[in-house]
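Counted from 1, the sequence shown has number 962 at position 426 by this note's numbering; the numbering is strictly sequential.
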Amino acid sequence: MSNSPKRVVRTFDATNMVAGNMIGSAIFLLSGYAAAPVLDGAWLIMAWIVGGIMATLGALAIAELSTEFPDIGGDFLYLKKVYGTYPAFLYGWMSLMVFETGSIAILSIFGGKYLKEFFPGVPLSVPALASVLVILFSGLHCLRITIGSRFQSILTVAKIGGLGLLSVMLFSNTSSVPAVESATAVEGSPLIGFSRALIPIFFAYTGWNVAGYIAGEIHNPRKTLPFALIGGTVITTVIYIIVQLGFLKAIGLEAMRNEEMVPLMALKAVGAEGWSTFLSILIFVSIISSLSITIQTAGARVIQAMGDHDVFFRFTAKRHPKFDTPVNALMVQAAWCVVMVYSLNINDLVDSTSVVMILFSALSISTMLKIGQGEGSEERYRTPLFPLVPVAYIGCAMLVSWGVIQFHLSQGSILPAWGVGFLAGGTIIYFIWDRLRDSSVT
């Protein structure tokens with residue numbers, strides 16, 4: 537294994553990493569998508585609450601796993617320690633090929649669109665601008681980790697403050713919105729609509745486990761990790777629900793359905809359209825904040841851990857001799873992200889990354905059921921209401937994933953086959969890699 541990283545990330549920065557990674561562009565850009573299939577406003581708020589509960593359950597579970605295994609790698613490490621190399625490799629493979637890099641690609645494309653809006657004269661396409669953002673932030677996080685985390689904290693505080701101001705403006709409207717909550721835009725039963733709404737909502741909540749990926753770089757992980765994971769998730773949940781209530785109060789559900797610019801419509805409705813430039817800047821800050829954290833933490837740390845554990849190219853485990861950062865893993869991640877930016881559709885990417893991410897998060901949390909709470913180090917945080925918390929998360933994950941897959945199958949989509957194909961490809965590569973590794977040893 538490579539030399540251990542320094543534990544320099546403290547509670548405030550770690551909590552901001554979690555909240556900053558979760559509070560991204562999705563709350564602004566996907567609110568209309570989440571509103572489209574639900575029966576009425578109550579179902580919409582219920583969906584956001586369920587998403588928050590699910591994220592909190594996951595954070596409670598990951599808090600225990602990350603203190604039991606306080607090293608680089610997050611879910612990859614938990615799976616390898618408990619289930620062995622093959623499931624861990626598949627997680628790392630899908631992280632690299634689909635969900636972590638997919639999340640980075642989505643965020644960078646959104647960022648590129650906003651840059652194009654701010655600077656229409658720039659002679660670069662949206663994919664080119666997105667690629668520039670990926671390379672720029674990958675380079676930033678090749679610098680010392682404390683530089684990146686301080687920058688991240690500034691961005692997170694700024695956008696939480698901005699969301700607070702937005703909420704105040706939305707609730708300041710004393711006029712009532714006509715309650716036109718008809719179900720004319722909804723197909724199927726309320727439960728089907730509810731399940732479909734959870735697709736973008738789950739994507740909006742992704743990132744609750746981010747601090748676990750850099751557990752090896754966190755100071756006093758037994759105390760810092762639970763606070764950061766749970767605190768950051770709860771903060772995000774409260775903010776999301778308040779903002780959604782504000783949208784409903786300002787414009788109502790019918791106006792929200794399938795609308796990409798719900799926040800701008802809401803500001804106009806409350807007579808605050810003069811703040812549209814501020815809101816556009818806030819959205820862009822949210823995008824680059826989430827982009828920065830996702831690049832810094834999850835994907836690159838998994839790639840580094842795979843190299844550390846000799847299930848991927850060893851050069852990916854190398855850390856910069858001066859800055860102590862996984863520079864090679866960051867570059868591998870950036871290269872594949874650029875490929876995805878130029879080759880994939882954003883809407884399909886949201887659904888596919890969400891399903892794969894939620895299934896593997898459920899697999900990771902299932903490791904708690906295998907190791908139990910009777911074993912492990914004394915430094916380990918103990919999740920309350922065990923085993924109810926991990927079982928509840930896994931059950932919710934299976935239901936949401938089933939709903940998403942059923943919807944795509946009913947639409948004749950090839951996304952489920954695409955996911956199975958990547959898993960099959962990863963399996964083939966793993967066994968080839970394993971055989972080559974064994975032959976080199978002998």
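Think of the CB as a built atom: it goes at the ideal place given N, C-alpha and C, for glycine as much as any other residue.
Neighbour-count burial assignment, residue i, 16 or more Cβ in a 10 Å radius
i: SER602; result: buried
i: THR692; result: buried
i: LEU827; result: buried
i: PHE967; result: exposed
i: VAL847; result: buried
i: ASP611; result: buried
i: ASP844; result: buried
i: VAL956; result: exposed
i: GLU809; result: exposed
i: ARG519; result: Residue 519 cannot be examined here, being either before or after the span of the chain that is shown, 537 to 978.
i: ASN552; result: buried
i: PRO762; result: buried
i: ALA960; result: exposed
i: ALA953; result: exposed
i: ASN756; result: exposed
i: PHE851; result: exposed
i: PRO656; result: exposed
Beta-carbon spacing of residue i, residue j below 9 Å
i: SER937; j: ILE598; result: no
i: ILE606; j: ARG837; result: The amino acid occupying residue 606 in the given sequence is Pro; Ile does not appear at that position. It is not a contact, given that the beta carbons lie outside the stated cut-off.
i: THR760; j: ALA555; result: no
i: TRP579; j: PRO726; result: yes
i: GLY835; j: SER561; result: no
i: ILE766; j: ILE640; result: no
i: GLY742; j: SER890; result: One point to set straight first is that residue 742 is Thr, not Gly, in the sequence displayed. Cβ atoms of THR742 and SER890: closer than 9 Å.
i: PHE739; j: VAL886; result: yes
i: GLN840; j: ALA870; result: no
i: LEU935; j: HIS944; result: no
i: ALA694; j: VAL875; result: no
i: ILE775; j: ILE696; result: yes
i: ILE824; j: GLY647; result: yes
i: GLU796; j: ALA571; result: no
Given residue i as reference, the closest of the options once Cα atoms are compared
i: ALA583; options: GLN840, ALA733, GLU796 and SER975; result: ALA733
i: THR592; options: ARG971, THR919, VAL574 and ALA624; result: THR919
i: THR769; options: ILE559, THR547, PHE548 and VAL545; result: ILE559
i: ILE907; options: SER890, PHE896, PRO926 and HIS944; result: PRO926
i: GLY729; options: ILE965, PRO573 and SER902; result: PRO573
i: GLY588; options: PHE958, ALA960, ILE563 and TYR627; result: ILE563
i: SER879; options: ILE645, SER975 and ARG543; result: ILE645
i: SER674; options: ILE930, VAL863 and THR963; result: VAL863
i: GLY628; options: LEU951, TYR929, PHE849 and SER975; result: PHE849
i: VAL806; options: LYS785, PHE814 and PHE820; result: LYS785
i: VAL892; options: PRO656, LYS617 and MET633; result: MET633
i: SER812; options: VAL670, LEU665, MET705 and ARG971; result: MET705
Where residue i sits in the DSSP three-state scheme
i: ILE754; result: strand
i: VAL668; result: helix
i: VAL574; result: coil
i: VAL658; result: coil
Inset, instruction - May I have a chain-ordered list of the alpha helix (DSSP H) segments no shorter than 4 residues that lie completely inside the region 778 to 808? - result: Taking only runs of at least 4 residues, the alpha helix (DSSP H) segments lying wholly in the region 778 to 808 are 789 to 792 and 798 to 805.
Inset, instruction - Could you name each continuous alpha helix (DSSP H) segment of 4 residues or more that falls completely within the region 827 to 874, going from the start of the chain to the end? - result: Counting only runs of at least 4 residues, the region 827 to 874 fully encloses the following alpha helix (DSSP H) elements, listed from N- to C-terminal order: 834 to 844.
Inset, instruction - Only counting runs of 3 or more residues, tell me where the beta strand (DSSP E) segments fall wholly within the region 875 to 903, in order along the chain. - result: For the region 875 to 903, there is no continuous beta strand (DSSP E) assignment of 3+ residues that stays within its boundaries.
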